[in-house]
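So the structure is just underneath, and the comments pick up after that.
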Amino acid sequence: MRELVLNKGRAFTVTDVKVMPESLPAAFSRLAELKPGPAETTLIIDLGGTTLDAGVIVGQFDDISAVHGNPSVGVSQVTRAAAGALRAADSETSALIADTVIRNRNDRQYLQRVINDAGKIDEVRNKITEAITSLGARVTSELTAFRNVNRVFLVGGGASLIEEAIRQAWPLAHDRIEVIGDPQMALAREIALYNKED
Numbered sequence: 012m013r014e015l016v017l018n019k020g021r022a023f024t025v026t027d028v029k030v031m032p033e034s035l036p037a038a039f040s041r042l043a044e045l046k047p048g049p050a051e052t053t054l055i056i057d058l059g060g061t062t063l064d065a066g067v068i069v070g071q072f073d074d075i076s077a078v079h080g081n082p083s084v085g086v087s088q089v090t091r092a093a094a095g096a097l098r099a100a101d102s103e104t105s106a107l108i109a110d111t112v113i114r115n116r117n118d119r120q121y122l123q124r125v126i127n128d129a130g131k132i133d134e135v136r137n138k139i140t141e142a143i144t145s146l147g148a149r150v151t152s153e154l155t156a157f158r159n160v161n162r163v164f165l166v167g168g169g170a171s172l173i174e175e176a177i178r179q180a181w182p183l184a185h186d187r188i189e190v191i192g193d194p195q196m197a198l199a200r201e202i203a204l205y206n207k208e209d
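As structure tokens, this is what we get:
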């Protein structure tokens, strides 16, 4: 390959490069379990904090028929809405607290502990729900070209937030749409497994 030189000294040599759309490796293990045929297609949707990545895999990685990305669609829009609602409720507005409130939005006891103005708990929950609905609509709109796939896998930190919207937008049997286990770590886990097999 190519030797890299930094300040007239040898730094390291690149010996091998493998390039793949970011979201797709997150489904390696699940596709290996399912063993889809060469005529089956799987849409992988990876919704992270700031980006949406998606791709369509043919068979069990026989081919990649489409990839799509949008760097302006992500869970951060829900985090911003939660932080704004928390601010209006005289509460902590850090991204960490906002994300924790989003995850625990249905746990009223938790919300009563972290939201200072208890009279605004429902308002905070409503703002979060509105933002999640908006995010789901944005993702489904963004991916309308991929409606004819045989199954959909959701990965990334926002997977569980958009699951309902995906189920409503894709006319598939319940078991053909799934959130990959521990979706936020799915990509890292699968890359580690892939490299271990190499």
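In the numbering used here, the protein residues as written are 12 to 209. Glycine residues also receive a C-beta, built at the ideal position from the N, C-alpha and C atoms. Quantities reported herein were computed from a predicted structural model and do not represent experimental measurements.
Query: Going straight from the alpha carbon of LEU45 to that of PHE39, what length do you get?; Result: 10 Å
Query: Excluding the 5 residues flanking ALA176 on each side, which residues of the same chain have their C-beta closer than 6 Å to its C-beta?; Result: GLY147, THR151
Query: Helix, strand or coil, according to DSSP, for ASN9 in the structure here?; Result: A question about residue 9 goes unanswered here, because the residues of the chain that appear run from 12 up to 209.
Query: Is the region 86-100 touching the region 167-183, taking contact as three or more C-beta pairs under 8 Å?; Result: yes
Query: At which residues does the beta strand (DSSP E) containing THR53 begin and terminate?; Result: 52-58
Query: Give a yes or no on whether the C-beta atoms belonging to GLU51 and GLY66 are separated by under 8 Å.; Result: no
Query: Would you identify the three-state DSSP class for ASN137, choosing helix, strand or coil?; Result: helix
Query: Considering Cα atoms alone, identify which of VAL125, ASP110, ASN159 is closest to ILE139.; Result: ASP110
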